[in-house]
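> Next up is a structure, given as structure tokens.
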Amino acid sequence: MELAELTKCLSGLSGPSGFEESVREYISSYLHHAADEIRTDALGNMIAIKRCGKLGAKMILLDAHMDEIGFIVTGAKDGFLSFGMLGGVDQRMLPAREVMVLSDPPLYGVIDTMPPHVLTVEEKSKAIEPDKLFIDVGLTQEEALKAAPQGTPVVYAAGCDDLGQGQLCGKALDDRACAAVIIKAFERLAAQELNADICCLVSTQEEVGHRGATVAAFGLEPDIAIVVDVTHGRTPDGKEALTDCGKGAAIGIGPNINTALARQLIAMAEEKKIPYQPEAVPGGNSGTNAHAIQVARTGVVTALISLPLKYMHTPVEVVHISDMEAIVDLIAAYVESLEV
Amino acid sequence: MMLDTLETLCCLEGVSGGEDEVRDYILERVLPHADEIRTDPLGNLMVFKKGAVTPEKRVMLCAHMDEVGLIVTHITEDGYLRFDQAGGIDRRVIIGKKVFVGPGRILGVVGSKAVHMTTAEQRKKLPEIKDMFIDIGAKDKAEAEKQVHIGDLVAFDDRVVRFGDGFVKAKAIDDRVGCATMVELIESELPCDCWFAFTTQEEVGSRGATVAARSIQPDVALVLEGTTAADIPGTEGAGRVCLLGSGVVLPFMDRGTIYDKDLRATLIRLAEENGIPWQTKSMIAGGTDGSVVQRSGAGAEVAALSVAVRNIHSPACVAKISECEDQLKLARLFLAEMAK
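As given, the protein sequences belong to chains A and B, one line each in that order. First residue of the first sequence: 1, per my numbering; consecutive thereafter. First residue of the second sequence: 341, per my numbering; consecutive thereafter.
Structure representation (structure tokens):
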């Protein structure tokens, strides 16, 4: 499957933090033909490994997370579902929003809002606190409690569409677009003779604190890790973002990233003429799985390659396919260049 | 049948001032059944159909074709669209939504900088409309100008979903429900002669109905509408205005009109005699084309027959399907009464 098509498929799956089953199953079955070994650990991480069969070969870990932000049902009032958050939801996105309640069978719902006709000017300028919002599933109290009991996860109901030229727009592109990137890189690398073992880790629960990657990195004990996640692309109201969509792979530089590895990646991008942009990552926490993986076991040489994305954590995230392709090329070129 | 018509109509675009697509579709449907058809410079579609009898009074049914939406006001150097609203919209329902721009139906999203980059204060407030923008994926102004133009109308996502226990979600249920009722009536045998006014620009001040009423000069008029329901948890008693599931709405008064008492009493009697649940609005909110029809020329007797709509003036309007059908049923009974 082509990169863009795979991204659209992954974006359409429902997998909020802690409830990633359908994403995991899809990716496991997708990578079955390419990997020597596929397994799932106690936190639900999807781990695919391809070994090169050479003595002393290093293990290169590629990571992207499969979970998306979402909601969890906390109860019902007059048939309307109350909910809490799974991850960093932007509360301003919620009024008149369509959602999918992941009950069995799933229920379509709308987060209701007050009509503008009865609101004051002041009310209309304020975001609504999430505890005042409810999901309308068109059921009575009794039916709602039965169909979607407390603990039922919920995600945005949104597709993934082509936008303009060579762009995608949809939900959960953070981080399924990057999951598609490492899957395609793994596929490409697995088809050739290499001097390193490669592991494709599509991890869980990143949005609630890098939990999946923490245990996966411990279990896998990699020598080198390349974390692929999204970063903020500039927008008219967010000029302070450090990257631009469409200008290539963002190679992170900062304490959370191994400097020598970052330099190698930049040199590789220059050599192979792969579009890239350096991105400064201040502080010890990049806000990605690199934060957990760098300090796994006795420490891992870790790089962060980011995909510029606009409108993060909304149902209308936007990415450029060319940036995704640049990251696939960069990862492949780097791993291909490794010697035993 | 009624539901199919409603769903088809809701998928058409007709932001105030750009009702052509809706008018063309309705014209195609009613042409074989009409005895006279008029249009005018405002774009109103006026249809006369003979019935079993010609009543002494000239009867008119009225529903508006337009919907609330946005209008492009400026294209920025980096290819984003600035916009204003066409019709009364709570700006909280715009942010992070998919939209279609202009006659080419170019996909765009109403972007806003990621929640991660906002201050605590910004998260509690909504950006002003002048600070919002639409991203159509254009790389610069020149590329945007090839696809869209200043003055292009912008409509919400047009997906229709049936859900829960007999509910439907769509944009523009206000007032395609009234249009659907009139189309269904025109396609059937009528008890009495009737004029049907499919009006334009209701959402920006009943501009179309102002001239349509002068053209038709009705003695009696029934306005078919979708109206403000605020029956969600957190609102109590009268604040709920009207409730989905409590029947069609027969208002005594709104912000534009005190409805004719005798006409309203007739509608209440017909509803009760025929087992059609009805309710009234518990708050003086909103308005209809009734205001201008009532005061047109030497005046007319006016009543309104509405369907309760949650999230009205948003991309995710919700109505009870049985109440849309009851609007048609009661409108037909009303015409039978006018034949007496």
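Built from N, CA and C at the ideal position, the CB exists for glycine as well.
By the 10 Å Cβ neighbour count, where 16 or more other Cβ atoms means buried, how is A:GLN294 classified, buried or exposed?
Buried, because 16 or more other Cβ atoms sit within 10 Å of the Cβ of A:GLN294.
> Rounded to a whole number of angstroms, what is the C-alpha to C-alpha distance between B:GLY545 and B:HIS404?
Going from the Cα of B:GLY545 to the Cα of B:HIS404 covers about 11 angstroms.
> Report the residues of the region 420 to 439 of chain B with a CB closer than 8 angstroms to any CB of chain A, ordered along the chain.
Cβ contacts with chain A: TYR420, GLY428, ILE429, ASP430, ARG431, ARG432, VAL433, ILE435, GLY436, LYS437, LYS438.
> Does the beta-carbon of A:PHE71 have 16 or more other beta-carbons within 10 angstroms, so that it is buried, or is it exposed?
The residue is buried, with at least 16 neighbouring Cβ atoms inside 10 Å.
> Following a CB-centred definition, is A:PRO149 positioned closer than 8 angstroms to any heavy atom of the ligand FMN?
Ligands displayed in this structure: none; no statement on the ligand FMN is therefore possible.
> Are there 16 or more other CB atoms within 10 angstroms of the CB of A:SER306, so buried, or fewer, so exposed?
Under this definition A:SER306 is a buried residue.
> Report all residues from its chain with a CB closer than 7 angstroms to the CB of B:ILE624; omit the five preceding and five following residues, and keep chain order.
Excluding positions up to five away in sequence, the list reads MET593, ASP594, ARG595.
> List, from N- to C-terminal side, the alpha helix (DSSP H) runs of 4 residues or more that fit wholly inside the region 545 to 617 of chain B.
Those alpha helix (DSSP H) runs which fall completely within the region 545 to 617 of chain B and span 4+ residues are 547 to 556, 601 to 613.
> What separation, rounded to the nearest whole angstrom, lies between the Cα atoms of B:GLY357 and A:ASP112?
Each residue's alpha carbon lies about 28 angstroms from the other.
> Any C-beta of chain B within less than 9 angstroms: which residues of the region 163 to 195 of chain A qualify?
From the region 163 to 195 of chain A, only LEU163, GLY164, GLN165, GLY166, GLN167, CYS169 have a Cβ closer than 9 angstroms to chain B.
> Distance check for B:VAL441 and B:GLY383, CA to CA, integer angstroms please.
Roughly 21 angstroms separates the two Cα atoms.
> Give me, in chain order, the residues of the same chain whose beta-carbon lies closer than 6 angstroms to that of B:GLY630; leave out the 5 immediate sequence neighbours on both sides.
Here the set comprises VAL563, THR597, VAL642, ALA644.
> Can you tell me whether B:LYS390 is buried or exposed? The criterion is at least 16 other CB atoms within 10 Å of its CB, across all chains shown.
Exposed, by the Cβ-count rule.
> Counting only beta-carbon separations shorter than 9 angstroms, does B:MET457 have a partner in chain A?
Yes, B:MET457 lies at the interface with chain A (some Cβ there is under 9 angstroms from its Cβ).
> Looking at A:GLU270: is its Cβ nearer than 9 angstroms to the Cβ of A:MET59?
No, the pair does not count as a contact, with Cβ atoms beyond the cut-off.
> So what does A:THR302 bridge to, in DSSP terms?
Answer is A:ALA225.
> Check whether the region 173 to 192 of chain A touches the region 256 to 263 of chain A, taking contact to mean three or more Cβ pairs, one atom from each stretch, closer than 8 angstroms.
Touching, no, given that fewer than three Cβ pairs across the two stretches are closer than 8 angstroms.
> Looking only at C-alpha atoms, which of A:ALA213, A:GLY209, A:SER82, A:THR235 sits nearest to A:ALA225?
Ranking A:ALA213, A:GLY209, A:SER82, A:THR235 by Cα distance to A:ALA225 puts A:ALA213 first.
> Can you pull the DSSP bridge partners for A:ALA172?
Beta-bridge pairing links A:ALA172 to no other residue.
> Could you tell me which chain B residues have their CB closer than 8 angstroms to the CB of A:GLY53, listed as they occur along the chain?
Those within 8 angstroms of A:GLY53 in chain B number zero; the least Cβ separation is about 43 angstroms.
> What are the partner residues of B:HIS414, as DSSP defines its beta bridges?
Answer is B:ARG422, bridged to B:HIS414.
> So with CB distances below 7 angstroms, who are the chain A contacts of B:VAL581?
Those are VAL118, listed as they occur along chain A.
> Taking the beta carbon of A:ARG97 as the centre, do at least 16 other beta carbons fall within 10 Å, making it buried, or is it exposed?
Burial call: buried.
> Answer with buried or exposed for B:THR568, where buried requires no fewer than 16 other C-beta atoms within 10 angstroms of its C-beta.
B:THR568 comes out buried.
> Give me the chain B residues within the contact set of A:LEU139, using Cβ-Cβ distance strictly less than 7 angstroms, ordered along the chain.
Simply GLY504, ASP505.
> Are the region 150 to 159 of chain A and the region 100 to 119 of chain A touching by the rule of at least three beta carbon pairs closer than 8 angstroms?
Touching, yes.
> At a CB-CB cut-off below 8 angstroms, which residues of chain A make contact with B:SER654?
Simply PRO95, ALA96, THR113.
> Which residues mark the beginning and the end of the alpha helix (DSSP H) in which A:GLU68 is found?
From DSSP, A:GLU68 is part of no alpha helix (DSSP H); its letter is neither H nor E.
> So which residues of chain B does A:LYS310 contact, with C-beta pairs closer than 9 angstroms?
The contacting residues are VAL449, GLY451, LYS453, ALA454, ASP475.
> Would a C-beta distance cut-off of 9 angstroms place A:LEU139 and A:GLY79 closer than the cut-off?
Against a cut-off of 9 angstroms, the Cβ pair of A:GLY79 and A:LEU139 comes out as a contact.
> With distance defined between alpha-carbon atoms, name the residue in B:ALA426, B:ILE435, B:ILE429 nearest to A:ASP90.
Closest option to A:ASP90, Cα to Cα, is B:ILE435.
> In angstroms, rounded to a whole number, what distance separates the CA positions of B:GLY427 and B:ARG547?
Answer to the nearest angstrom: the Cα atoms are 12 angstroms apart.
> Near A:VAL340, which residues of its chain fall below 7 angstroms by C-beta distance, leaving aside the five closest residues on each side in sequence?
Cβ neighbours of A:VAL340 beyond the five flanking positions: LYS54, GLY56, ALA57, ASN195.
> Need the endpoints of the alpha helix (DSSP H) that B:GLY666 sits in, please.
It should be pointed out that residue 666 of chain B corresponds to Asp in this sequence rather than to Gly. Counting along the chain, the alpha helix (DSSP H) containing B:ASP666 begins and ends at 661 to 678.
> Tell me whether the beta-carbon of A:VAL227 lies closer than 9 angstroms to the beta-carbon of A:LEU3.
No; because the gap between Cβ atoms is not below 9 angstroms, this pair is not in contact.
> Please confirm if the region 522 to 533 of chain B is in contact with the region 470 to 483 of chain B, defined as three or more CB-CB distances below 8 angstroms between the two stretches.
Too few Cβ pairs lie closer than 8 angstroms, so no.
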